[in-house]
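Some notes on the structure that comes next.
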Amino acid sequence: MSEILYNLIDWAEVWALIIPLVFIFPAGKLKRWQKPVVIYLILAFFLNLIATLIADSNLIPLSIPWKNNIIFYNLHSVIRFICFSYFFICIPQQPYSKIKKLIPIVYILFLIIDVTFFENFFDSHKIAANLFTGEAFLLLVYCLLFYLSKLKTDNDEIIWGPEIYVVTGLSIFVVTNFFLYLFYDAMLAESLALANNIWTVHNVAYILFCVLIAKAFSKARRRFGNNSIPKVSS
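Offset between the sequence shown (1-based) and the working numbering: plus 373.
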């Protein structure tokens with residue numbers, strides 16, 4: 374892999390987020406399910422930018438004890454779950470509403486137990502693998518509930534709504550990375566080079582995730598018009 378391609382993929386967690394943001398800001402009024410996605414993209418961009426700058430450049434003149442980007446990745450994991458949990462709850466005409474509202478409670482309990490007994494959220498040497506794995510699993514449950522709900526309807530307009538592209542991108546991302554997160558600490562202990570190469574898979578999946586979010590907003594804009602995307606009441 375050439376150095377240019379390596380750097381491009383290495384920075385994918387930053388520039389890939391620009392792709393959906395290009396489609397979001399001209400979109401006019403946002404539908405209810407779009408709002409948590411927009412919040413996620415903006416927060417993720419700044420978190421990933423800071424984390425990547427700390428890791429890959431000398432542009433941030435911090436002393437060695439503060440050159441730690443792990444906290445930004447861990448925080449990103451929590452924010453991603455919160456935003457997409459709300460995204461799934463906001464999707465209209467969906468069954469399993471009680472289960473969807475129960476999942477955040479399960480996540481909070483898991484988070485408290487994990488950071489209290491198993492992982493240091495502020496560890497500067499490794500990501501909180503349990504945290505990422507738990508997030509991926511619960512988001513996958515949300516995705517499966519979404520697809521199951523689609524099987525219960527015969528309305529093509531509902532089945533192929535713009536939000537399905539967000540769910541598909543998220544599904545690909547969490548399925549691809551579930552086992553990566555689960556075994557990342559073991560890979561890191563075995564070989565730093567191996568862990569870095571495997572993380573490339575994560576970044577490629579992230580690019581696809583962002584492209585599909587862009588597709589969702591592009592389709593929503595074409596469907597309702599640039600300045601006429603309606604607000605959805607609760």
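We put the CB at the ideal spot given by N, CA and C, even for glycine.
Source: prediction; values computed, not measured.
Under 8 Å between C-beta atoms of residue i and residue j
i	j	result
L518	K473	yes
F495	G542	no
I545	A578	yes
T573	I392	no
F551	F510	yes
L420	F461	no
N576	A424	no
L482	V539	no
E508	S450	yes
K404	P468	no
Q407	F556	no
Supposed contact pair residue j and residue i - C-beta distance, whole angstroms, cut 8 Å
i	j	result
V547	L512	5 Å
V336	F418	An answer regarding residue 336 cannot be provided, because it is not within the stretch 374 to 607 covered by the chain.
I452	S497	Contact doesn't hold; Cβ gap of about 20 Å is too wide.
D558	K499	6 Å
P535	K471	With a Cβ gap of about 25 Å, P535 and K471 do not count as contacting.
I476	V514	6 Å
The alpha helix (DSSP H) enclosing residue i, as first and last residue numbers
i	result
K408	Q407 to D429
A635	What is shown of the chain runs 374 to 607, which leaves residue 635 out entirely.
Y544	The residue you asked about is not Tyr; residue 544 is Ser in the sequence shown. Per DSSP, S544 belongs to the alpha helix (DSSP H) from E536 to E563.
L378	E376 to D383
Interface flag, residue i vs chain C, CB-CB below 8 Å
i	result
F519	Here there is only one protein chain, and chain C is not present.
Any non-hydrogen atom of the ligand NAP closer than 7 Å to residue i Cβ
i	result
N441	Questions concerning the ligand NAP fall outside what the structure shown contains, since it holds no ligand whatsoever.
Check whether the stretch 502-510 touches the stretch 478-494, counting contact only when three or more Cβ pairs, one atom from each stretch, lie closer than 8 Å. Result yes; three or more Cβ-Cβ pairs closer than 8 Å.
Would the stretch 399-414 count as touching the stretch 563-575 if we require 3 or more Cβ pairs under 8 Å? Not touching, per the Cβ criterion.
With three or more beta-carbon pairs closer than 8 Å as the criterion, would you say the stretch 407-423 touches the stretch 449-458? Per the Cβ contact rule, the stretch 407-423 is in contact with the stretch 449-458 (3 or more Cβ pairs under 8 Å).
Which whole runs of the alpha helix (DSSP H) in the stretch 438-522 are 4 residues long or more, in chain order? Runs of the alpha helix (DSSP H) inside the stretch 438-522: 443-463 and 470-486.
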